[in-house]
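First comes the structure, then the notes that go with it.
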Amino acid sequence: MMTPSLQLNIGAHLTMTPQLQQAIHLLQLSTLDLRREIELAVEHNPMLMLVDTFDDAYELALEDDWSAAENTDSEESFDDAGIDEEREGMLAEGLINPTAPSSGGTEGPDIERNAREETLKDVLYRQASLLPLNDQQQLIADALIDALDERGYLSQPLNELRDGLNAQLREPVSDTDMHAVLSQLQQLEPTGVFARDLSECLLLQLNTLPSDTPLLPQARRLVRQFLEILAAHDFKRLKRRLTLDDESLDEIIAMIRRLDPAPGRLYSSETDNYVIPDLVLRRHPRQGGEVELNPLALPRVSLHDEYVHLIRRGDRSEGNQFLRHHLQEARWLMKSLSSRNDTLLKVGREIIRRQHAFLDHGEEAMKPLVLADIAEVVGLHESTVSRVTTQKYIHTPRGLFELKHFFSSHVGQAGDAHSSTAIRAKLKKLIAQEPPHKPLSDARLVALLAEDDITVARRTVAKYRESMGIPASSERKRLA
């Protein structure tokens, strides 16, 4: 017979404070989304106001220590120090606009109010949060979602993602752990996401059809083994391999054509997008390039001096508590914005330092770079770097780029690795220069790349060529 007993267990748990949650939330927002977030905060918090002028003291005042501020209790901080001293300190630091009108208006830049369309990753994060995942599995799921391309494909190898996680986590992640989480994510909508190639994407969709669907086993076999034959329109060979007649083959092809080869594009917007760069790379003739925050990217917020002056030390009235609460929220928002800017600038500078050759010579000079490389140098978690570089843009002398653009997986052995972006650029250049009547085969492209000391397999060349929408050599052949 079991008897009730008391047991003492000692363990460590990671607890996220509301302030840290707010900082992480702001970190992953694009510039336009952050503008809307700031405007909403100003509308609901009487202590905040938008200002049109940029004051250097304002930026310097926000460089307070984050960890120290996080441990400050709002109630004690106001009772221990006089409100007049607090107000004078804020004025000196530039946190208060002394000319702010007492009416609390929210004059400021006219901000677009178009609702942000939900992205593929938004949909998948929401669905993944409902899965029965432990803490480690949730981190794996986040890494897999972050690695998806616009088609919904998992283009980065699982072993690279595993190595990146192991560099950040205390408990090692195994291949079995990665495949277990991937298997669960592949059940999410839209069907076909998290596939690693076209064949797997189509198979995931076929697997959702009723088991009694006519010719389903043959369709699965075609997708697994004979997609290249189908692409070459060699129907006689298909019928022979699958032992099908003309009518049955037509039904299977019709079934496959109803599938979506790029399910992630359901969430891509075809409307014009206006991008405001978060960072600017300025060229100096003698000093090289310098990455700076774009001062025009976001509206600046300040505190209402007169409202802060109304707070009375030791007063527990409802009105005074209301002002204190909103003042603390306003201060945390400004701290979070400062933390976001510091992190963005730190990551942006390290990326440009690594990819300076790209700025001089283009995509053929792109170096291999993954999230873990930046995370290790700047002292951040890999998922934080992913948030910082998603929907964040930098204006350079070569053009406007999302920070994600500068990441490219390694191809080749250590010490002799090349980035997949550089290889794609070289392939595109070689194909553009080929004779129209005698296009280069994948094997010939492998040989030409080898002359530039780039060793890749023929199947890798074929994969990159297909990802760029370039047909095979037999389909590129044309009369001069």
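Straight run, no breaks: the sequence shown in my numbering ends on number 616.
Ideal Cβ positions, reconstructed from N, Cα and C, are used throughout, including at glycine.
Check: Where DSSP assigns a beta bridge to A331, which residues make up the other side?
Finding: For the purposes of this step, residue 331 is taken as the residue at position 195 of the sequence shown. According to DSSP, residue pairing for A331 in a beta bridge involves Y289.
Check: Considering L395, what are the terminal residues of the beta strand (DSSP E) in which it resides?
Finding: Taking the sequence shown and counting its residues from 1, one reaches residue 395 at position 259. No residue range can be given for L395, since it is assigned to no beta strand (DSSP E) and is classified by DSSP as neither H nor E.
Next item on the list: Identify the continuous beta strand (DSSP E) that holds R401 and give its terminal residues.
Entry: As a position in the sequence shown, residue 401 is number 265, starting the count at 1. That residue, R401, is in no beta strand (DSSP E); it is neither H nor E in DSSP.
Check: According to the neighbour-count rule (16 or more other Cβ atoms, all chains shown, within 10 Å of its Cβ), is K565 buried or exposed?
Finding: In the sequence shown, the residue the question calls residue 565 occupies position 429. Within 10 angstroms of the beta-carbon of K565 lie fewer than 16 other beta-carbons, which makes it exposed.
Check: Per DSSP, which one or two residues make a beta bridge with I530?
Finding: As a position in the sequence shown, residue 530 is number 394, starting the count at 1. Answer is L415 and F537.
Next item on the list: Give the DSSP bridge partners of V427, in chain order.
Entry: Position 291 of the sequence shown, counting from 1, holds the residue named residue 427. Looking at the DSSP assignment, V427 forms a beta bridge with L417.
Item checked: Limits of the unbroken beta strand (DSSP E) element including M314 -> Here residue 314 refers to the residue found at position 178 when the sequence shown is read from its first residue. Run containing M314: none in the beta strand (DSSP E); it sits in the alpha helix (DSSP H), D311 to L321.
Next item on the list: Return the first residue and the last residue of the beta strand (DSSP E) that V187 is part of.
Entry: On the sequence shown, residue 187 is found 51 positions in, with the first residue counted as 1. From DSSP, the beta strand (DSSP E) with V187 extends over L184 to V187.
Notebook entry, point to check: What's the gap between the Cα of L581 and the Cα of L505?
Noted result: In the sequence shown, the residue the question calls residue 581 occupies position 445. In the sequence shown, the residue the question calls residue 505 occupies position 369. Distance between the alpha carbons of L581 and L505 is about 24 Å.
Note to self: For a test of the three-state rule: what should DSSP assign to L284, helix, strand or coil?
What the structure shows: To locate residue 284, count along the sequence shown from 1; it is residue 148. It is a strand residue.
Next item on the list: Check L563 in the structure and name its three-state DSSP category.
Entry: Locating residue 563 in the sequence shown gives position 427, counting from the first residue. In this structure, L563 counts as helix in the three-state DSSP scheme.
Notebook entry, point to check: What three-state label does DSSP hand L380 in the structure shown?
Noted result: To locate residue 380, count along the sequence shown from 1; it is residue 244. Looking at L380 - three-state DSSP - the assignment turns out to be coil, as it is neither helix nor strand.
Margin query: Going by the DSSP bridge assignment, what does L505 pair with across the sheet?
Written below: On the sequence shown, residue 505 is found 369 positions in, with the first residue counted as 1. For L505, DSSP records a beta bridge to S544.
Next item on the list: Might you give, ordered along the chain, the residues of its own chain that have their beta carbon closer than 6 Å to the beta carbon of K599, omitting 5 neighbours on each side?
Entry: On the sequence shown, position 463 is the one that residue 599 refers to. In the same chain as K599, and ignoring 5 residues on each side of it, no C-beta atom comes closer than 6 Å to its own.
Checklist line | Same chain only: Cβ atoms within 6 Å of P619, ignoring 5 sequence neighbours per side | finding: Residue 619 lies beyond the stretch modelled for the chain, which goes from 137 to 616, so this question has no answer here.
Check: Does the beta-carbon distance from P575 to S603 come in below 8 Å?
Finding: Against the sequence shown, residue 575 aligns to sequence position 439. Against the sequence shown, residue 603 aligns to sequence position 467. No.
Next item on the list: Just the C-alpha distance for Y443 and L184, rounded to the nearest angstrom, thanks.
Entry: As a working mapping, residue 443 is identified with position 307 in the sequence shown. As a working mapping, residue 184 is identified with position 48 in the sequence shown. Roughly 10 Å separates the two Cα atoms.
Checklist line | Continuous alpha helix (DSSP H) stretch holding P257: start and end | finding: Residue mapping note: residue 257 aligns to position 121 of the sequence shown, counting from 1. Per the sequence presented here, residue 257 reads as Lys, with Pro not at that position. Taken as a continuous stretch (DSSP letters only), the alpha helix (DSSP H) holding K257 covers L256 to A264.
Note to self: Using CA atoms only, rank isn't needed, just tell me which of H573, L439 and A390 is closest to E179.
What the structure shows: Reading the sequence shown from its first residue, position 43 is the one you call residue 179. Nearest to E179 by alpha-carbon distance, out of H573, L439 and A390, is L439.
Notebook entry, point to check: According to the Cβ coordinates, are L280 and L321 closer than 8 Å?
Noted result: Translated into the one-based positions of the sequence shown, residue 280 becomes position 144. Translated into the one-based positions of the sequence shown, residue 321 becomes position 185. Contact: yes.
Margin query: Buried or exposed, going by whether 16 or more other CB atoms sit within 10 Å of the CB of D386?
Written below: On the sequence shown, position 250 is the one that residue 386 refers to. Around the beta carbon of D386, fewer than 16 other beta carbons lie within 10 angstroms, which makes this residue exposed.
Notebook entry, point to check: What residue from S319, D313 and L334 has the CA that sits closest to S291's CA?
Noted result: For the purposes of this step, residue 291 is identified with residue 155 of the sequence shown, where counting begins at 1. It is L334.
Item checked: K562, buried or exposed, once every other Cβ within 10 Å from all chains shown has been counted against 16 -> The sequence position of residue 562 within the sequence shown is 426, counting from 1. If you draw a 10 Å sphere on the C-beta of K562, you find 16 or more other C-beta atoms in it, and that means buried.
Note to self: Taking the beta carbon of E428 as the centre, do at least 16 other beta carbons fall within 10 Å, making it buried, or is it exposed?
What the structure shows: For this step, residue 428 is matched to residue 292 along the sequence shown. When all chains shown are included, E428 counts as exposed.
Next item on the list: Write down the C-beta distance between E518 and A511 rounded to the nearest angstrom, noting that I regard them as a contact closer than 8 Å.
Entry: On the sequence shown, residue 518 is found 382 positions in, with the first residue counted as 1. On the sequence shown, residue 511 is found 375 positions in, with the first residue counted as 1. Under the criterion of beta carbons closer than 8 Å, E518 and A511 qualify as touching, at roughly 4 Å.
Notebook entry, point to check: Hey, E426 and R418: beta-carbon distance below 8 Å or not?
Noted result: Position 290 of the sequence shown, counting from 1, holds the residue named residue 426. Position 282 of the sequence shown, counting from 1, holds the residue named residue 418. A contact, by the Cβ cut-off of 8 Å.
Notebook entry, point to check: In whole angstroms, what is the alpha-carbon distance linking T189 and L432?
Noted result: In the sequence shown, the residue the question calls residue 189 occupies position 53. In the sequence shown, the residue the question calls residue 432 occupies position 296. Only weak support is given to the placement of T189: the predicted model assigns it a pLDDT of 40, under 50, and the question is left unresolved by the model.
Check: Taking DSSP as the reference, what is the three-state secondary structure of K613?
Finding: Indexing the sequence shown from 1 puts residue 613 at position 477. Shown here, K613 sits in coil according to DSSP, grouped into three states, outside any helix or strand.
Check: Closest to L395 by CA distance: which of T344, L162 and V416 is it?
Finding: Locating residue 395 in the sequence shown gives position 259, where the first residue counts as 1. Closest by C-alpha distance to L395, out of T344, L162 and V416, is T344.
Checklist line | Euclidean distance between Cα positions of V416 and L507 | finding: Within the sequence shown, the letter at position 280 stands for residue 416. Within the sequence shown, the letter at position 371 stands for residue 507. Near 21 Å, if we compare the C-alpha coordinates of L507 and V416.
Note to self: Looking at the secondary structure, which residues open and close the alpha helix (DSSP H) in which F362 lies?
What the structure shows: Taking the sequence shown and counting its residues from 1, one reaches residue 362 at position 226. It is not in any alpha helix (DSSP H) - F362 carries neither H nor E in the DSSP assignment.
Check: Could you give the residue range of the alpha helix (DSSP H) that holds G455?
Finding: As a first step, residue 455 must be located in the sequence shown, where it is residue number 319. E454 to R490 is the extent of the alpha helix (DSSP H) around G455.
Check: Which term fits R306, buried or exposed, when burial requires 16 or more other beta carbons within 10 angstroms of its beta carbon?
Finding: As a working note, residue 306 is residue 170 in the sequence shown. Looking at its Cβ environment, which holds fewer than 16 other Cβ atoms inside 10 Å, R306 is exposed.
Notebook entry, point to check: How many angstroms separate the CA atom of L463 from the CA atom of K528?
Noted result: Taking the first residue of the sequence shown as 1, we reach residue 463 at position 327. Taking the first residue of the sequence shown as 1, we reach residue 528 at position 392. Looking at the backbone, the Cα of L463 and that of K528 are separated by about 29 Å.
Next item on the list: Sort L402, L269, K372 and V521 by Cα distance to D478 and report the nearest one.
Entry: Counted from its first residue, the sequence shown places residue 478 at position 342. D478 has its Cα closest to that of V521, out of L402, L269, K372 and V521.
Check: Skipping 5 residues on each side, what residues in its chain have a beta carbon closer than 8 Å to that of D209?
Finding: Here the question's residue 209 lines up with position 73 in the sequence shown. Since pLDDT at D209 reaches only 39, below the 50 mark, its modelled position is unreliable, and the value read off the structure follows with that caveat. Counting only Cβ-Cβ distances below 8 Å, and skipping sequence neighbours, we find nothing.
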